[in-house]
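Novice: According to this note's numbering, the stretch in the sequence shown is residues 2 to 180, in order.
Idealized CB from N, CA, C, for every residue including glycine.
Source: prediction; values computed, not measured.
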Amino acid sequence: QCLHCMQNQDRQPILQNQKSKELPDDSWELRAENGSKGTAHIFLAAGHETLSRPMLVVEGFPGGQSSKVIYGAMNQHNALIDLQASGHDIVLLTFAVGTDLIQSNAQVVEACIDAVVKITKTPMVVCGISMGGLVARYALTDMEYRNKEHNARIFLTIDTPHQGAYTSISAQWFAHYFA
């Protein structure tokens, strides 16, 4: 293979310099039972007219990023383009208040998963970025505990502080002083 292209499972070339999509194919406004809100931005794979092979990507702290910013950050080395070329539909979940409690935003994740499950029973990949990984983990654990269907076949996180994060005393005082 040359440096400029790779091949997906169907042996179709995937150009390394493809541009990311500017706008999602669809967006869903979500409201959890606790009142927390978020938006699911849907980027369908080529040839898909509806969500059929979902990959949920949950934004991290502090939240409030546009779908374009999150898509661009996750599309380093064309990761999302390659996933879409292999048939995955990307669902980028953003929170209205990214700094809210993990438990509160987890209910938004659950609302998003519920919406996906209503459309397709195909098992999904759930991915959390940074704090989004903790929020997604909490949501999946809560759904498991309540025997609620989530259809997650893979759960992965990127740069998630599963064992906490070390923040120096000086940074804590700085944040407290300017808060």
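If you drop the 5 nearest sequence neighbours on each side, which residues of the same chain put their C-beta closer than 8 Å to that of A47?
Specialist: Q85, A86
Novice: CA-CA distance, A140 and E111?
Specialist: 6 Å
Novice: Can you check the segment 62–150 for any beta strand (DSSP E) of at least 3 residues that lies completely inside it and give the ranges in chain order?
Specialist: 90–96, 125–130
Novice: Exposed or buried, Q77, counting other C-beta atoms within 10 Å across all chains shown (16 or more means buried)?
Specialist: Under this definition Q77 is an exposed residue.
Novice: Smallest Cα separation from K122: which of S28, L52, L135?
Specialist: L52
Novice: Report buried or exposed for N148, applying the criterion of at least 16 other Cβ atoms within 10 angstroms of its Cβ.
Specialist: exposed
Novice: Check whether the segment 23–33 and the segment 54–61 touch, using three or more Cβ-Cβ pairs below 8 Å as the test.
Specialist: no
Novice: Which value, in whole angstroms, describes the spacing of the CA atoms of Y167 and I103?
Specialist: Their backbone Cα atoms lie some 18 Å apart in a straight line.
Novice: Can the beta-carbon of G99 be found closer than 9 Å to that of G64?
Specialist: Yes; because the gap between Cβ atoms is below 9 Å, this pair is in contact.
Novice: Rounded to whole angstroms, what's the CA-CA distance from G134 to C128? Just pull it up for me.
Specialist: 7 Å
Novice: In chain order, what residues of the same chain have a beta carbon less than 7 Å from the beta carbon of N49, not counting five sequence neighbours either side?
Specialist: Reading off the sequence shown, one finds His at residue 49, where the question assumed Asn. The answer, listed in chain order, is D90.
Novice: Can you list, in chain order, the residues of its chain whose CB lies under 8 Å from that of A116, leaving out five sequence neighbours each side?
Specialist: W29, L31, A41
Novice: Assuming the contact rule is C-beta atoms closer than 8 Å, C113 and L94 should be a hit. Round their C-beta distance to whole Å, please.
Specialist: 5 Å
Novice: If distances are taken between C-alpha atoms only, which option among H177, V126, F44, H151 comes closest to T158?
Specialist: V126
Novice: What are the residues that DSSP puts in a beta bridge with T158?
Specialist: Partner(s): G129.
Novice: Mapping DSSP to helix, strand and coil, what is H49?
Specialist: DSSP, read as helix, strand or coil, puts H49 in coil.
Novice: So the alpha helix (DSSP H) A176 belongs to, where does it begin and stop?
Specialist: 170–179
Novice: On a CA-only basis, which of S131, S105, V118, S68 is nearest E150? Give me that one, please.
Specialist: V118
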